[in-house]
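J.:
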Amino acid sequence: MPAVPSVRGERVVRALEKSGFAVARIAGSHHIMRHPDGRGTTVPVHPGRDVAKGTLRGILGDVGITVEELRRLL
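Numbering (numbering that gives the first Met the number 0), first residue to last: 0 to 73.
1. Using 10 angstroms around the beta-carbon of A51, count the other beta-carbons present and answer buried if the total reaches 16, otherwise exposed.
2. Can you find the residues in the same chain that come closer than 6 Å, C-beta to C-beta, to T41, ignoring five residues on each side of it along the sequence?
3. Taking a contact to mean a Cβ-Cβ separation below 8 Å, would you say E9 touches V44 in this structure?
4. Would you decide whether A14 is buried or exposed? Buried here means 16 or more other CB atoms lie within 10 Å of its CB.
5. Please classify L69 as buried or exposed, where buried requires at least 16 other C-beta atoms within 10 Å of its C-beta.
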């Protein structure tokens, strides 16, 4: 299992946008992302902080992309 990179929430949002997701709404510091095919996830965007590795793995599972695909999108 490849290592999950340390990455800030803003970069995760940009990477997901490159793969077709859009910010549906923002609730506080959480960006709710949706894809036209119905997939969705919530990305925590806290200034100056990386997304926790377990949270990032959960996001990747929600959206159906691998760690390698995320690295390419970053």
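For every residue, glycine included, the Cβ atom is placed at its ideal position computed from N, Cα and C.
T.: Taking the structure as given:
1. exposed
2. H29 and I31
3. yes
4. buried
5. buried
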